[in-house]
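J.:
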Ligand code: PFF
Ligand code: NA
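In this note's numbering, the protein residues as written are 10 to 476.
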């Protein structure tokens, strides 16, 4: 068992620093880029309701379980899970929970930095006035959407540009991580997170004034359950995991740094509320602009990068607010990228004995290499095309699907089973500091609701794939 004789020694300097860091991990491209377009693709309101149920009954309990494992184990995810398992008389092979998280986090980061790089590119485009220049030129020729589309397709077909912006994101992330927990991560999130909230509030006000707010709210909150398919439910479930940064080693490693006396239950609920509020705010910022310009809500991954710039180009002070918008996305993505690289970095420090800087550099280099798979997926390179259960896709699509829709919910299923059924109840009670009805509700979710719901969704999925 000597390999379990390991532990992390850093701690968040305050309760608040932890909340900011964990909220920073949660709030990211998932909220601002992915949630609005998958909501659009899946019919709006009904999808939002399923998603909120997933957050409440599955996401929050699983988040609490993960933080608890990290805090009680006080080491990197795989070791923490093994320690918590063995002290309850279970197999140390529960370490796979931590392993799969580190692997999933690494895979997610490999495409995450590329999309974040798009946002950096768009800060440059918006800042240099490209959107309004194209709109003005197009008022003669009439091909506005086409010309904006060329910015996006131009970016996607230019590997040198994509690699440059991706590299900027990777290097910035490594620079923060190399400095360690208190001087690097904490410092970054304490300035970036408040800035992010201010930028988002500015964009929302702008959008409410300039856009069709009522139409957007109706689209998001008037449920039409006839639009809901099994695939949308899977999408909502997977997104609940993705958006809260679950099953990716993050909440376990951030829990390992938790000072004593912080309530896991209260902080988890706060983090989930902040994440959900940002996702809904992002929807309420983006859709009024989309509808005011008579555009398509189900535009897919291009919603943010193609649909919105068309609108910004036509709107008063659109270049300024477009710049603010894309800076906000870069900040959001950056604090999540930091979290994603932390689990790999901490692993290299604890298990391979590297110092912080070399560990951050090694992890960052690995991500950089893997990110090329996503870069060349968008250029349409032949070698990125793969088939997955008979469905064709490129490297990016397959990694996105395997992580968000399969690895994350599956690891969540086992985390719920582990803490619900295998860990001694006294240990759970002590770490969660919950008793009575609150403990009962948590256990009900971990023991029954989450495992049953995830299993049903997967059973349906297997049916879809084999069709
Ligand atoms: N929660 C992040 C988002 O919504 O963008 C994405 C993410 C970050 C997923 C960190 C997983 C993770 F470990
Ligand atoms: Na999120």
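Glycine included, C-beta positions come from ideal geometry on N, C-alpha and C.
1. Beta-carbon separation of residue 309 and residue 131 under 8 Å?
2. Out of 62, 425, 350, state which residue places its alpha-carbon closest to the alpha-carbon of residue 489.
3. Would the stretch 40-58 count as touching the stretch 225-242 if we require 3 or more Cβ pairs under 8 Å?
4. Since residue 225 contacts residue 293 with CB under 8 Å, what's their CB separation in whole angstroms?
5. Quick one: using the 10 Å Cβ neighbour count with 16 as the cut-off for buried, is residue 68 buried or exposed?
6. What separation, rounded to the nearest whole angstrom, lies between the Cα atoms of residue 406 and residue 248?
7. Is it the case that the Cβ atoms of residue 262 and residue 444 are separated by a distance below 8 Å?
8. Residues in its own chain within less than 7 Å of residue 372 by CB, not counting five upstream and five downstream?
9. Rounded C-beta distance between residue 279 and residue 28? I'm assuming under 8 Å.
10. Just to confirm, does residue 302 get its C-beta within under 7 Å of one of the non-hydrogen atoms of the ligand PFF?
11. Closest by CA to residue 424, which one among 40, 231, 107, 182?
12. Do we get a CB-CB distance below 8 Å when we pair residue 341 with the residues of chain B?
13. Grouping DSSP H, G and I as helix and E and B as strand, with all else coil, what is residue 433?
14. Can you give me the start and stop residues for the alpha helix (DSSP H) that residue 275 sits inside?
15. In this structure, how does DSSP classify residue 476 when only helix, strand and coil are distinguished?
16. Is the beta carbon of residue 273 within less than 7 Å of some heavy atom of the ligand PFF?
17. Spell out a yes or no on whether the stretch 123-141 and the stretch 435-454 are touching, meaning 3 or more CB-CB pairs, one atom from each, closer than 8 Å.
18. Between the Cα of residue 193 and those of 432, 433, 452, 343, spot the shortest distance and give me the residue it belongs to.
19. Between residue 165 and residue 412, is the Cβ-Cβ spacing less than 8 Å?
20. Assuming residue 40 and residue 288 are in contact, meaning their beta carbons sit under 8 Å apart, how far apart are those beta carbons, in whole angstroms?
21. Can residue 247 be considered in contact with the ligand NA, in the sense that its beta carbon sits closer than 7 Å to one or more heavy atoms?
22. For the alpha helix (DSSP H) holding residue 450, just list the boundary residues, first then last.
23. Please list, following the chain, all residues that have a C-beta closer than 6 Å to any non-hydrogen atom of the ligand PFF.
24. Is residue 439 helix, strand or coil by DSSP?
25. Enumerate in chain order the residues of its own chain whose CB-to-CB distance from residue 124 is below 6 Å, with the five nearest sequence positions on each side excluded.
26. My assumption, with CB atoms under 8 Å, is that residue 339 sits in contact with residue 129. Please give the rounded CB distance.
27. Assign residue 141 to one of three DSSP states: helix, strand, or coil.
28. Measuring only the C-alpha atoms, how far is residue 10 from residue 77?
29. Smallest Cα separation from residue 320: which of 65, 33, 300?
T.: Result, derived from the coordinates:
1. What you label residue 309 is simply residue 300 of the chain shown in a count that begins at 1. What you label residue 131 is simply residue 122 of the chain shown in a count that begins at 1. The answer is no: Cβ separation not under 8 Å.
2. Only positions 10 to 476 of the chain appear in the structure, and residue 489 is not among them; the question remains open.
3. yes
4. Indexing the chain shown from 1 puts residue 225 at position 216. Indexing the chain shown from 1 puts residue 293 at position 284. That belief holds up - the Cβ atoms of residue 225 and residue 293 are roughly 6 Å apart, short of 8 Å.
5. Within the chain shown, numbered from 1, the residue matching residue 68 stands at position 59. Buried: at least 16 other Cβ atoms inside 10 Å.
6. One-based indexing of the chain shown puts residue 406 at position 397. One-based indexing of the chain shown puts residue 248 at position 239. Distance between the alpha carbons of residue 406 and residue 248: 15 Å.
7. As a working note, residue 262 is residue 253 in the chain shown. As a working note, residue 444 is residue 435 in the chain shown. For residue 262 and residue 444, no; Cβs fall outside 8 Å.
8. Residue 372 sits at position 363 when you count from the first residue of the chain shown. Same-chain partners within the cutoff: 350, 353, 354, 357.
9. Start at 1 with the first residue of the chain shown, and residue 279 comes out as number 270. Start at 1 with the first residue of the chain shown, and residue 28 comes out as number 19. Going by Cβ atoms, the distance from residue 279 to residue 28 rounds to 6 Å, so yes, they are a contact pair.
10. Position 293 of the chain shown holds residue 302. For the ligand PFF, not one heavy atom lies less than 7 Å from the Cβ of residue 302.
11. In the chain shown, residue 424 corresponds to position 415, counting from 1. When each option's Cα is compared against that of residue 424, the closest is 107.
12. Absence of chain B from the displayed structure is noted, only one protein chain being present.
13. In the chain shown, residue 433 corresponds to position 424, counting from 1. In the structure shown, residue 433 sits in coil (DSSP, three-state: anything other than H, G, I, E or B).
14. Within the chain shown, residue 275 is the residue found at index 266, counting from 1. Counting along the chain, the alpha helix (DSSP H) containing residue 275 begins and ends at 273-301.
15. Position 467 of the chain shown, counting from 1, holds the residue named residue 476. Interpretation of residue 476 is limited by its pLDDT of 41, a score under 50 that renders its predicted location unreliable; no figure is taken from the coordinates.
16. Within the chain shown, numbered from 1, the residue matching residue 273 stands at position 264. Checking the Cβ of residue 273 against the ligand PFF gives no.
17. no
18. Translated into positions along the chain shown, residue 193 becomes position 184. It is 343.
19. Position 156 of the chain shown holds residue 165. Position 403 of the chain shown holds residue 412. No, the Cβ-Cβ distance between residue 165 and residue 412 is not below 8 Å.
20. Walking along the chain shown from the start, residue 40 turns up at place 31. Walking along the chain shown from the start, residue 288 turns up at place 279. Confirmed, Cβ separation roughly 4 Å.
21. Indexing the chain shown from 1 puts residue 247 at position 238. Not so, every heavy atom of the ligand NA lies at least 7 Å from the Cβ.
22. Stepping through the chain shown from its first residue, residue 450 is reached at position 441. It spans 445-453 - the alpha helix (DSSP H) in which residue 450 sits, taken as one unbroken run.
23. 34, 35, 37, 38, 39, 40, 114, 117, 251, 252, 254, 257, 259, 345, 348, 349
24. Along the chain shown, one-based indexing puts residue 439 at 430. Here residue 439 sits in helix by DSSP.
25. Within the chain shown, numbered from 1, the residue matching residue 124 stands at position 115. The answer, listed in chain order, is 38.
26. Taking the chain shown and counting its residues from 1, the one referred to as residue 339 is at position 330. Taking the chain shown and counting its residues from 1, the one referred to as residue 129 is at position 120. Right, the Cβ-Cβ distance comes to about 6 Å (below 8 Å), so this counts as a contact.
27. Reading the chain shown from its first residue, position 132 is the one you call residue 141. Reduced to three states, the DSSP call for residue 141 is helix.
28. Position 1 of the chain shown holds residue 10. Position 68 of the chain shown holds residue 77. For residue 10, the pLDDT reaches just 37, beneath the cut-off of 50, and the residue's location in the model is therefore unreliable, leaving the point undetermined.
29. Numbered from its first residue, the chain shown carries residue 320 at position 311. Out of 65, 33, 300, 300 has the C-alpha closest to the C-alpha of residue 320.
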